[in-house]
Each structure stands twice: as C-alpha cells, then as structure tokens.
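In this note's numbering, the protein residues as written are 120 to 599.
Let me begin by presenting the structure, written as structure tokens, before commenting on it.
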Ligand code: BES
Ligand code: MN
Ligand code: ZN
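So, in structure tokens, the structure goes:
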C-alpha cells in the first residue's frame, strides 16, 4: 500500500471525502457548512475518535474530533490520522484539513501522515480474502509550502520503516527463520544503500559469539548476525550503535514456556525488526551521525543437543555465563552483540529487546522500560520519545542487585531472583558494554505486540521503536 501525501491550500475537487479535524471548541463555536442542530442530533462534540459524515455534492464531508484544543498534540493528530484511514480507507483519494492548534504545522503534518499509514496497515499475506486500504492519495489542506510537504514526506517515510518492522514481526517464526530474517535484512539494507555484512554460522563460531551459539544449539537451523552501517555524506557528528534482539521464535528452550506463553513468541525479534526498520529510512532522514546496527538472529528451540540448564557459555568479550534458565536467552545473544558493538567504539549504544515479562508487569503493554549507564544519554532518549509518541519510562540499574546473578561456576548466571526481573536483565547486559561507552537498554516486551487495534497501533506486531530510533538519530549529540 503506497500512499502519497500532498501539501495543498484547499481540498481539491477530485477528493472523494473532505475531512476536517476539529477541536471541541470549534464544534461549540459552530462550523461552516453544517448546522449546530445536525451536530447535536448526531451527538458529535469533537471528542477524540468521534466522527460525523454526510453526503454533499457527489462526495462525502466529514468531521473527525481531536478533543479539547489545549490537549491536542502529535499523539492526538496521529490518532486522528489512523481514524481517517480506518473510516475512509475505502476511497482512493481524500482531502484533510488540520485544525488550528498549538502543534507546529510541520509536526502536525508528520503525525497525520504517520497516523494514516499506520492506522491503515493490514498484514494480509496469509489472508485469501483480505481487503487492503484503497487510499492512494491524501491532499492535506492549509498550506502548500515546501516545509509542509517535507513534513508529510518524512511522516510517510518513517511509517514505511515502522510498517516494514511490523511485516517482519507478523511473519511466522517458521517462515521468518534466522537465515530468512538475515536475507530480508540484507536486502533492505542494500536497497537503502547501507553497507551490509551477514555473519553465517562459520563466522559466528570463528568470532566466538558463544551466547548466540549456545541459544542456537537446540535448533535445526543456523544462526545469523546482521550488521548494517550508514555513513553520512559529510564529516560524521559521531557514531551511534543500534542493537536489536532477533529471536525469531522463543519456545523457552528446555526451560520450555507454556502453550499460552508461546503464542505470541514470533514477536521476540521485535527489537531487531525495529532496528532494521529504522535503518531502512536513514537515506530519507540523512542524519549527520554514523550509525552501526547489530542484530543477532536465531530461534530458541529444544533439539536433542539444546543448551542444558547448568551449561556454561563464553561470550565474545571473554566473560562466562552459567545458563540456569534457557528461557532467559535474549541476554545471551545480546551479550555477544553488545560486545561487538563496543568493539566499534561508538559514542553511544541503544539496544531494543523484547526482554522480560517482568517489564510488562511493571509498565503494562504500551510503555517500554528504559535503563542505562549515562543520564544525559537517557535524557536524549526520553526527549526523542516525547516527540515520537512512543513511550518509555526509566527503571534503575541498582549496583547492589548484581549479587543476585553471582554464579558458583562461572562469572555470572543468566537469572536473578523472582522479583525485579527487568532490572536483573538490564544489569546482565551492562556487563557486556565496554567501560566508558554511553549505553541505553529499552525493554519493549510490552509494546512490541498488541492484542487490539488502538489508534495508530494495529493488532499483532506494532513496529514499536522505529519512530523513537529515528527521532534519536535525528537529534543525536554524542553524550558526555
Ligand atoms: N522473550 C521473553 C520475554 C517476553 C515475554 C517478551 C512476554 C514478550 C512477552 C524472554 O526471552 C523471556 O522468556 N524472559 C523470561 C526471563 C526469565 C526466565 C528470567 C521471562 O520474562 O519470563
Ligand atoms: Mn525467553
Ligand atoms: Zn525471548
């Protein structure tokens, strides 16, 4: 589904629907072209998600509420964009007029384009009778300037990256195996003009990625690690490394999950998908920093030679881990990837991972946990989160909790105690980040997947993290 967005002065004639986003105040004050009585009969007050439609001269006129004027922000405009795609997606061509609010014109246009694309997303690959959204062109009225057009194009491009991540997450684990994930990531990287390096099983062995090998040991299929590199045209303002968990299916291994617990575990590469989705938009964004991505890929299975609880793995950086629960596998593959990322000596690292059920217990299904070793870096990410609308919330990494994962046979074990599991996982990851590198860890176990359609979020893989990463890259300053 490709949609083009056009910044125009007024909604043009051929648009099959002319849609106005309106605040509660605008409705109360009276709107041109529709009587107060008509709106009152329909119960339309301009509240969030409310719509009102009527026919007019061969086309549809519509109102979409965005709520009280002082509460309108990028999030509510993105939400209205999604409502537009769901309600008017049967038309090929529509026009939209944005409300006059405090939101800057470009930011509003970016959010609108993102909302329309994301709300209209459907994963139809395996549906024999699915109906894709028909929209091909959206004219956005209120100003035809280049900045407005650029903002619409930016929103459209970022949504492309997020949709790409959704498609990867929604692909079943038996289809998107590690070799297939690597092939797709490489193809995406190449078409974006990035440098691509794919580590196969032999390279992974030679490179001593003992965590990735240990998790892969129960699988009939080989692991991969994909590296993508973006270099800016001019002198780079710094280097940032992105790391994404790429478990294409997590059965738990010998410490097997329940049937219920496994149902959504094709989403366990959601961090890797978000990293690849964000990398795919770099040519459009053209940030000034160098960006290096590392995505380790394998399934976590229980074949006859699977890693046994009690086995000891040696990670790339030389540290050893006793595996006492094979379901705590994300940290094992990320340990290798963070070691590798550290070797690239970036100014900062971010990893995204569907790492712990405990993080979902703490923050619920829509907010990611944010941890790290450098407060200015954490603050940059929080600021980018405010802009992107993908929510993160800080969690601590208490030094004295490290004794929870002391092992009797190895440098550490891969689990802690029953409580605070998101922090234990974060503290274990920290062991594999070289001293002096600013690092942040984002646990997206909750928001990588959704059980329901809600605004720009659609059921299944959400592509969470793409918008956040893009915004981080756009605003990146090497942290002190
Ligand atoms: N992939 C899971 C975490 C997860 C759970 C993601 C639910 C999304 C939704 C991870 O590999 C895992 O199994 N973590 C364990 C860790 C435990 C064994 C220490 C968990 O959270 O139960
Ligand atoms: Mn697991
Ligand atoms: Zn997992």
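The C-beta atom is built at its ideal place from N, Cα and C for all residues, glycine as well.
Over the uninterrupted alpha helix (DSSP H) stretch that includes residue 150, give me the two end residues. Taken as a continuous stretch (DSSP letters only), residue 150 belongs to no alpha helix (DSSP H), as it is neither H nor E.
Between the beta-carbon of residue 198 and the beta-carbon of residue 574, is there less than 8 Å? yes
Quickly, what does DSSP pair residue 667 with across the bridge? List them, please. This structure cannot settle anything about residue 667, because the visible part of the chain is limited to 120 through 599.
Does the segment 409-421 touch the segment 361-380, meaning 3 or more C-beta pairs lie closer than 8 Å? yes
With a threshold of 7 Å, establish whether the CB of residue 375 neighbours any heavy atom of the ligand ZN. no
Cβ-based burial, residue 509 [other Cβ within 10 Å; buried from 16]: buried
Counting by C-beta, which residues lie closer than 5 Å to a heavy atom of the ligand BES, in chain order? 369, 387, 444, 446, 447, 449, 473, 475, 476, 534 and 564
Can you give me the start and stop residues for the beta strand (DSSP E) that residue 123 sits inside? 123-126
State the start and end residues of the unbroken alpha helix (DSSP H) segment that holds residue 403. 401-404
Would the segment 140-157 and the segment 273-288 be scored as touching if the rule is three or more Cβ pairs under 8 Å? no
Residue span of the beta strand (DSSP E) that contains residue 282, given as start and end: Unbroken run through residue 282 is the alpha helix (DSSP H), 265-289; no beta strand (DSSP E).
Report yes or no: do the segment 155-173 and the segment 231-238 share at least 3 C-beta pairs separated by less than 8 Å? no
As assigned by DSSP and simplified to three states, the class of residue 527: coil
Beta carbon of residue 366: closer than 7 Å to some heavy atom of the ligand ZN? yes
Does the count of Cβ pairs from the segment 324-334 and the segment 293-308 closer than 8 Å reach three? no
Consult DSSP for residue 416 and reduce its assignment to one of helix, strand or coil. strand
On a Cα-Cα basis, can you pick out the residue from 424, 501, 390 and 555 that is closest to residue 474? 390
On the three-state DSSP scale, how would you describe residue 520? helix
Counting Cβ pairs closer than 8 Å, one from the segment 479-499 and one from the segment 385-400, do we hit at least three? no
Through-space distance from residue 556 to residue 350, alpha-carbon basis: 20 Å
Rounding to the nearest angstrom, what Cα-Cα distance links residue 432 and residue 329 in this structure? 6 Å
I'd like the span of the beta strand (DSSP E) that includes residue 206, first residue to last. It is not in any beta strand (DSSP E) - residue 206 instead sits in the alpha helix (DSSP H) that spans 193-207.
Three-state secondary structure (DSSP) at residue 569? strand
Spatial neighbours of residue 522 within its chain, please: CB distance less than 8 Å, with the 5 preceding and 5 following residues excluded, ordered by chain position. none
My output table needs one value for residue 489: the three-state DSSP class, helix, strand or coil. strand
How long is the line joining the alpha carbons of residue 273 and residue 348, rounded to whole angstroms? 21 Å
Assess contact between the segment 588-597 and the segment 397-412, defined as three or more Cβ pairs (one per stretch) separated by less than 8 Å. Is contact present? yes
CA nearest to the CA of residue 173, picked from 139, 166, 334 and 223: 139
Verify the contact flag: residue 371, CB atom, against every heavy atom of the ligand MN, threshold strictly below 7 Å. yes
What I want to know is whether the C-beta of residue 419 ends up closer than 7 Å to one or more non-hydrogen atoms of the ligand MN. yes
Write down every uninterrupted run of the alpha helix (DSSP H) in the segment 215-263 whose length is 4 residues or greater and which is fully enclosed by it, in chain order. 224-238
Between the CA atoms of residue 260 and residue 445 - distance to the nearest angstrom: 55 Å
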